[in-house]
Amino acid sequence: MPVTAETTARELVEVLREHGATRAEIRLEQWDGRRVVVKDFGVGTWALRLIGLVLMAREWRAHRRLVGVPGIPACLRRERWRLTFECVEGAPMPLADPEALTPEYFARLYDLVREMHARGVAHGDLKSRNNVLVDINGLPAVVDFSAAFTLGRNPVEALVVPYLKVEDLRAIGKAKLRSAPHLLTAEEEQLLAHRPPFVRAATAFLHQVRLLIKRVSAMAHRGMK
Ligand SMILES: Nc1ncnc2c1ncn2[C@@H]1O[C@H](COP(=O)(O)OP(=O)(O)O)[C@@H](O)[C@H]1O
Ligand SMILES: [Mg+2]
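Residue numbering for the sequence shown is 0 to 224, as defined by numbering that gives the first Met the number 0.
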């Protein structure tokens with residue numbers, strides 16, 4: 000049943016993760032009997048809310064482009080401080096049964112990421128294997144588009160998206176190296192061995208930006224206590 004704006008019966012099932020200085024609270028809820036995942040930035044300091052506004056806008060924009068891509072849970076609703084998603088029943092890659100990480104699984108993961116790229120979205124944070132799930136049917140799912148870049152009118156996105164697409168593909172190689180090294184192909188090994196200078200420079204820059212955001216919000220967090 001689709002979750003509509005009129006949905007009223009919502010029930011907390013469990014808090015999957017507490018919020019942090021820069022991270023939303025993640026809750027499993029039941030809406031009219033349907034399990035959904037809620038990402039809530041409205042539970043912390045003003046800094047978390049401010050960060051949330053930016054991250055939620057990025058995530059929402061990417062999801063609108065990705066409607067209907069198999070393996071990308073639909074974003075069902077956007078509210079001021081939170082987003083609600085279809086729940087993927089399964090586990091993030093680090094907690095998944097290693098037997099589920101088959102060549103077929105990775106082939107589907109590449110299909111998913113290529114479809115995403117074809118629609119003009121680069122994920123940007125696939126190196127965090129918690130963003131890559133294995134569902135109960137053994138199929139891949141990808142969540143967390145808060146670091147995603149979506150092609151549009153902004154020229155910065157047009158500059159960054161090609162670089163992030165390469166990073167997305169390298170991240171799958173890295174995930175394989177960590178979780179199923181015996182499945183690495185020669186092509187993937189080559190991709191992992193060579194890191195173009197522009198990738199290094201951009202990664203170092205983004206790392207500094209993230210550190211700065213963390214510092215500012217940690218200061219705000221302390222200020223609230
Ligand atoms: N739609 C979903 N279905 C199932 N689990 C999810 C879903 N969205 C997020 N999660 C779980 O919650 C974790 C944190 O969510 P995520 O969107 O990655 O937040 P963050 O931006 O803080 O990393 C994910 O690693 C995943 O395990
Ligand atoms: Mg994440």
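Backbone N, C-alpha and C fix where the C-beta goes; we use that ideal spot for every residue, glycine too.
Owing to the predicted nature of the structure, the values given are computational and were not obtained by experimental measurement.
Roughly how many whole angstroms lie between the Cα atoms of residue i and residue j?
{"i": "Ala192", "j": "Phe40", "result": "38 Å"}
{"i": "Val35", "j": "Leu132", "result": "15 Å"}
{"i": "Glu85", "j": "Cys74", "result": "7 Å"}
{"i": "Glu187", "j": "Phe197", "result": "19 Å"}
{"i": "Gln207", "j": "Val87", "result": "32 Å"}
{"i": "Gln29", "j": "Arg76", "result": "14 Å"}
{"i": "Ser178", "j": "Met92", "result": "8 Å"}
{"i": "Leu211", "j": "Gly222", "result": "17 Å"}
{"i": "Met115", "j": "Val42", "result": "31 Å"}
{"i": "Leu194", "j": "Ile71", "result": "Residue identity check: residue 194 is Arg in the sequence provided, not Leu. Cα-Cα distance, rounded: 28 Å."}
{"i": "Ile135", "j": "Trp80", "result": "30 Å"}
{"i": "Arg199", "j": "Met218", "result": "29 Å"}
{"i": "Asp31", "j": "Gly89", "result": "21 Å"}
{"i": "Val155", "j": "Phe204", "result": "14 Å"}
{"i": "Leu52", "j": "Arg128", "result": "24 Å"}
{"i": "Arg33", "j": "Leu11", "result": "12 Å"}
{"i": "Phe202", "j": "Ala174", "result": "Residue identity check: residue 202 is Thr in the sequence provided, not Phe. Answer to the nearest angstrom: the Cα atoms are 18 Å apart."}
{"i": "Leu100", "j": "Arg113", "result": "19 Å"}
{"i": "Thr83", "j": "Glu98", "result": "30 Å"}
{"i": "Arg214", "j": "Leu94", "result": "30 Å"}
{"i": "Arg209", "j": "Asn153", "result": "21 Å"}
{"i": "Ala8", "j": "Ala157", "result": "42 Å"}
{"i": "Asp96", "j": "Lys126", "result": "19 Å"}
What does a CB cutoff of less than 6 Å around residue i pick up in its chain, not counting 5 residues either side in sequence?
{"i": "Val142", "result": "Asn130"}
{"i": "Glu13", "result": "Leu27"}
Skipping 5 residues on each side, what residues in its chain have a beta carbon closer than 8 Å to that of residue i?
{"i": "Arg118", "result": "Arg64, Leu65 and Val68"}
{"i": "Ser145", "result": "Leu54, Met55, Arg57, Glu58 and Asp124"}
{"i": "Ile50", "result": "Thr21, Phe40, Ile212 and Ser216"}
{"i": "Tyr104", "result": "Val133, Gly137, Leu138 and Pro139"}
{"i": "Pro102", "result": "Leu182"}
{"i": "Glu78", "result": "none"}
Cutting at 7 Å between CB atoms, please list the residues of its own chain near residue i, excluding the five before and the five after it.
{"i": "Leu190", "result": "Leu168, Arg169 and Gly172"}
{"i": "Ile25", "result": "Leu15, Arg16, Val36 and Lys38"}
{"i": "His18", "result": "Glu24, Val42, Gly43 and Leu47"}
{"i": "Ala121", "result": "Ala147, Phe148, Val160, Leu163, Lys164 and Asp167"}
{"i": "Leu176", "result": "Leu183 and Leu191"}
{"i": "Trp45", "result": "Ala219"}
Output the residues surrounding ligand 2, defined as those with a CB atom closer than 5 Å to any ligand heavy atom, in chain order.
That gives Asn130 and Asp143.
If we require 3 or more residues per run, which beta strand (DSSP E) segments fall completely within the segment 77-117?
Listed in chain order, the beta strand (DSSP E) runs fully inside the segment 77-117 are 81-85 and 89-91, counting runs of at least 3 residues.
Segment contact flag, the segment 147-159 with the segment 54-74, C-beta cutoff 8 Å, min 3 pairs:
Under the three-pair Cβ rule at 8 Å, the segment 147-159 counts as touching the segment 54-74.
Touch check for the segment 108-122 and the segment 177-184: three-plus C-beta pairs under 8 Å?
No, because fewer than three Cβ pairs between the segment 108-122 and the segment 177-184 fall closer than 8 Å, the two stretches do not touch.
Continuous alpha helix (DSSP H) assignments of at least 4 residues falling wholly in the segment 169-206:
Fully enclosed alpha helix (DSSP H) runs of 4 or longer: 185-192.
What are the complete alpha helix (DSSP H) segments, minimum 4 residues, inside the segment 1-78?
Taking 4 residues as the shortest admissible run, the segment 1-78 contains the following complete alpha helix (DSSP H) segments, listed from N- to C-terminal end: 45-64.
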